[in-house]
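K.L.:
One structure, as structure tokens, below. Some questions next.
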Amino acid sequence: MQPENRTVVAVRRNDVIDTLHGLGVPSDILADFPSLPADARGLLVYGSQARGDAVAGSDLDLLALVDTPRPSNYAGDVNISYYTREQLATGLGTLFGAHLKRDAKIVSDADGWLTDALEAMGDVDTDRLLQRAWRMSELFASPERDLPKYLPGLLREARYLLRSCLYAQAIAAGEPCFSVRELATRHNDPELAHLLASRQLGEPSGDDLNEYLSRLRRIVGEFPPSENGSLEATIVNEWERPGDLLSMAFLALGITGRGSDYAEVEKILL
Amino acid sequence: MSTELAFIGDVHGNLPALQGLWNALVLRDVPHVIFLGDYINKGARSADVLHELISHAEAGRATLLAGNHETALLDALDRGDLSTFLKMGGAMTIRSYLGGRVGPDVLGEFTTKLPREHLKALRRMPLTYETDDLVAQHIAPSSSTRKFRISAHVPVGDLPRVGRRSALLDTGCGTDSGRLTALLWPTLDYTQVDADGVVVTG
């Protein structure tokens, strides 16, 4: 999006660090804080550092509002996701939007755009979300073809779906919760906190995948049978019917190539 | 000054555009056409586009250079791994050869359906076409040469960018609003068709 015809107020790194420090973010994490792009118009913190229930090793999750889309990046323990106003508006009615609305703390927002965007996020249709997750889980129904080749991508998506379904369950039960540690306690499943952490150490394993999938089945039920028989066939057969299943299959290939001659699917926001 | 050569940018599976532009060049008596690669993916007719191009090449009327999409296809076949090709939108090419739903073994089915002549033509495609005066390839050649440089690959909008020392010809063919462009040599004039293969005038 082009900047509107008024003074651009870029987010200043030093101001941000002062504010985050004031919110209780430890200095050693802030030491890794990267410089922000010149088109960053606003910044918010979400996740454990925003809720105030961070523990040693917790990441600092930030969302920067920018004019030009770009991939998220990690610097030390600082994870910054970049959203344009249009991209952020697609979070309306999603878990991500609900998560931000509930937990996020605005760090910088000279234009008031982040405040407005969070205000507009609205409620999540949890029944629909769980139904979509069930449909997407078809992707895990052809392991004999897809493993071990696509294990890293499938593992990442299984984690994403399980986490999303647990959040949706909590909302449906009237007790919203976006803390994986709190969910682990609620479900009396200590392994959950480790399984759902965004950053995973070590090589992905088939056993890990089964840990996710067995928990996911307990929430959404038995997965639908694979209509296409493999992840690659799903991509080819669904290519001209863009939807959840294609998006999931395509993203399971790995990090989507960049550059204008590469096909890209729209960002999934459950 | 009569036209000796024409150079055509990314086609990306748009058969009507290829046919429309080819016919326009035939009317202008262009003796030989250099295609700059990226014949496949994006548009729906990759298999037909390659078939047509190969017949022009076999008749001695065209030279087919390789683009990065053709290189990725060959690499996928050689390594037995479709993942990178699929990330580039290879599904459209595979669909165009299969003509219907694919079963679980995508690589196996695709390999069976890809005609041997197409594979041979893909393997024969050079990266560069060069004369005393010009150098042409899919991705822009090094600017250190004194020759005129012709390339595609990077979309430049509706119109080609033709300068004193270089020309960029990817005008988005393969998308709904993209055009296919031919640069005429040595005049550096150009002619274009729209996504339906109709010559763009004015």
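Same order as they appear, the protein sequences are chains A and B.
Per the numbering used here, the very first residue in the first sequence carries number 1367; after that it's consecutive.
Per the numbering used here, the very first residue in the second sequence carries number 30; after that it's consecutive.
Positions of the beta carbon are idealized from the N, C-alpha and C atoms, including for glycine.
Predicted, not measured: the structure shown is a model, and the values here were computed from it.
1) Let me make sure I understand the geometry here. Which of S1564(A), L1636(A) and Y1449(A) has the alpha-carbon closest to that of S1414(A)?
2) Nearest chain A C-beta to V135(B) closer than 8 Å, yes or no?
3) Counting only Cβ pairs nearer than 7 Å, list the residues of chain A close to V131(B).
4) When the Cα atoms are used, what is the spatial distance from A1430(A) to G1457(A)?
5) Could you say which of A1536(A), A1507(A) and D1381(A) lies nearest to N1576(A) if we only look at CA atoms?
6) A1536(A) to P1608(A), Cα distance in whole Å?
7) Less than 8 Å between the C-beta atoms of A1416(A) and V1377(A), yes or no?
8) For Y1628(A) and V185(B), I'd like the C-alpha separation in whole angstroms.
9) Where do the ends of the beta strand (DSSP E) carrying Y1391(A) lie?
10) Looking at the strands, I want to know which residues DSSP matches up with S1424(A).
11) Is any beta-carbon of chain B found at less than 8 Å from that of G1620(A)?
12) Can you tell me the Cβ-Cβ gap for T210(B) and I69(B), rounded? I've got them flagged as a contact below 8 Å.
13) Would you mind sorting T1622(A) into buried or exposed? The rule is 16 or more other CB atoms within 10 Å of its CB.
14) Using the C-alpha atoms, what's the distance from L127(B) back to V135(B)?
15) Within 10 Å of its beta-carbon, does S1596(A) have 16 or more other beta-carbons around it, so buried, or fewer, so exposed?
16) List, from N- to C-terminal side, the beta strand (DSSP E) runs of 3 residues or more that fit wholly inside the stretch 1502–1581 of chain A.
17) Quick test of your reading: D1381(A) and R1501(A), contact by CB under 8 Å. State the CB separation rounded to the nearest angstrom.
18) Spell out the partners DSSP gives E159(B) in its beta bridges.
19) Below 8 Å on the Cβ atoms is my contact criterion, and I expect L1484(A) with K1467(A) to pass it. Report the Cβ-Cβ distance as a whole number of Å.
20) Could you please give the first and the last residue of the uninterrupted beta strand (DSSP E) stretch that includes W214(B)?
21) Could you tell me whether any Cβ in chain B is nearer than 8 Å to the Cβ of S1613(A)?
22) What residues in the stretch 98–120 of chain B bring their beta carbon closer than 9 Å to a beta carbon of chain A?
23) Are the CB atoms of G49(B) and V227(B) nearer to each other than 8 Å?
24) Could you tell me which chain B residues have their CB closer than 9 Å to the CB of S1508(A), listed as they occur along the chain?
25) Would you call the stretch 106–114 of chain B and the stretch 80–97 of chain B touching, i.e. three or more CB-CB distances under 8 Å?
26) For V229(B), collect the residues of the same chain with a Cβ closer than 7 Å to its Cβ; drop the 5 residues on either side in sequence, then sort them by chain order.
27) How would you write the range of the alpha helix (DSSP H) that T32(B) sits in, first residue to last?
28) May I ask you to list the residues that DSSP assigns as paired with R190(B)?
29) At least one CB of chain A closer than 8 Å to the CB of I123(B): is that the case?
30) Apart from the five residues on each side of it in sequence, which residues of its chain come closer than 8 Å, Cβ to Cβ, to D104(B)?
31) The beta strand (DSSP E) that contains R178(B), what's its start and end?
32) Skipping 5 residues on each side, what residues in its chain have a beta carbon closer than 7 Å to that of P1369(A)?
P.N.:
According to the data block:
1) Counted from its first residue, the first sequence places residue 1414(A) at position 48. The candidate whose alpha carbon is nearest that of S1414(A) is S1564(A).
2) Within the second sequence, numbered from 1, the residue matching residue 135(B) stands at position 106. Yes, because at least one Cβ of chain A sits closer than 8 Å to the Cβ of V135(B).
3) By one-based count along the second sequence, residue 131(B) stands at place 102. Within 7 Å Cβ-Cβ: A1599, V1602 and N1603.
4) Here residue 1430(A) corresponds to residue number 64 of the first sequence, with the count starting at 1. Here residue 1457(A) corresponds to residue number 91 of the first sequence, with the count starting at 1. About 14 Å.
5) The residue you call residue 1576(A) lines up with position 210 of the first sequence. Nearest C-alpha to N1576(A): A1507(A).
6) Numbered from 1 along the first sequence, position 170 holds the residue referred to as residue 1536(A). Numbered from 1 along the first sequence, position 242 holds the residue referred to as residue 1608(A). Roughly 29 Å between the two C-alpha positions.
7) Within the first sequence, numbered from 1, the residue matching residue 1416(A) stands at position 50. Within the first sequence, numbered from 1, the residue matching residue 1377(A) stands at position 11. Contact: no.
8) Mapped onto the first sequence, residue 1628(A) falls at position 262. Mapped onto the second sequence, residue 185(B) falls at position 156. Reliability of the predicted coordinates at Y1628(A) is poor, the pLDDT of 33 falling under 50, and the value obtained from them is presented with this limitation in mind. The straight-line gap from Cα to Cα measures roughly 15 Å.
9) Here residue 1391(A) corresponds to residue number 25 of the first sequence, with the count starting at 1. Looking at the sequence shown, residue 1391(A) is not Tyr but Val. Segment: none, V1391(A) is in no beta strand (DSSP E) and carries neither H nor E.
10) Within the first sequence, residue 1424(A) is the residue found at index 58, counting from 1. Answer is none; S1424(A) lacks a bridge partner.
11) Here the question's residue 1620(A) lines up with position 254 in the first sequence. Closer than 8 Å to some Cβ of chain B, the Cβ of G1620(A) qualifies, so yes.
12) Here residue 210(B) refers to the residue found at position 181 when the second sequence is read from its first residue. Here residue 69(B) refers to the residue found at position 40 when the second sequence is read from its first residue. Rounded, the Cβ-Cβ distance is 18 Å, inconsistent with contact.
13) Numbered from 1 along the first sequence, position 256 holds the residue referred to as residue 1622(A). Low local confidence applies: a pLDDT of 40 at T1622(A) is under 50, so the model's placement there is unreliable, with the coordinate-based value given in what follows. Under this definition T1622(A) is an exposed residue.
14) The residue you call residue 135(B) lines up with position 106 of the second sequence. The residue you call residue 127(B) lines up with position 98 of the second sequence. So the two alpha carbons sit approximately 10 Å from each other.
15) Taking the first sequence and counting its residues from 1, the one referred to as residue 1596(A) is at position 230. S1596(A) should be labelled buried.
16) none
17) In the first sequence, counting from the first residue as 1, residue 1381(A) sits at position 15. In the first sequence, counting from the first residue as 1, residue 1501(A) sits at position 135. Not confirmed; about 44 Å, so no contact.
18) Position 130 of the second sequence, counting from 1, holds the residue named residue 159(B). In DSSP, E159(B) forms a bridge with V164(B).
19) Indexing the first sequence from 1 puts residue 1484(A) at position 118. Indexing the first sequence from 1 puts residue 1467(A) at position 101. Indeed they touch by this definition, with Cβ atoms about 5 Å apart.
20) The residue given as residue 214(B) occupies position 185 in the second sequence. First-last of the beta strand (DSSP E) with W214(B): L209 to W214.
21) Against the first sequence, residue 1613(A) aligns to sequence position 247. No, its Cβ sits nowhere closer than 8 Å to a Cβ of chain B.
22) H98, D110, L111, S112, T113, L115, K116, M117, G118, G119 and A120
23) Looking up residue 49(B) in the second sequence gives position 20. Looking up residue 227(B) in the second sequence gives position 198. In contact: G49(B) and V227(B) (Cβ atoms closer than 8 Å).
24) Residue 1508(A) sits at position 142 when you count from the first residue of the first sequence. Residues of chain B passing the Cβ test: P133.
25) no
26) The sequence position of residue 229(B) within the second sequence is 200, counting from 1. Only R208, Q221, V222 and D223 meet the Cβ criterion.
27) Indexing the second sequence from 1 puts residue 32(B) at position 3. No alpha helix (DSSP H) holds T32(B); DSSP gives it neither H nor E.
28) Working through the second sequence from its first residue, we reach residue 190(B) at position 161. BP columns for R190(B) point to L197(B).
29) Taking the first residue of the second sequence as position 1, residue 123(B) is located at position 94. Yes, I123(B) counts as interfacial toward chain A.
30) Taking the second sequence and counting its residues from 1, the one referred to as residue 104(B) is at position 75. Result list for D104(B): T113 and F114, in chain order.
31) Taking the second sequence and counting its residues from 1, the one referred to as residue 178(B) is at position 149. That run of the beta strand (DSSP E) goes F177 to S180.
32) Position 3 of the first sequence holds residue 1369(A). Its pLDDT being 46, under 50, P1369(A) is placed unreliably in this model, and the coordinates cannot settle the point.
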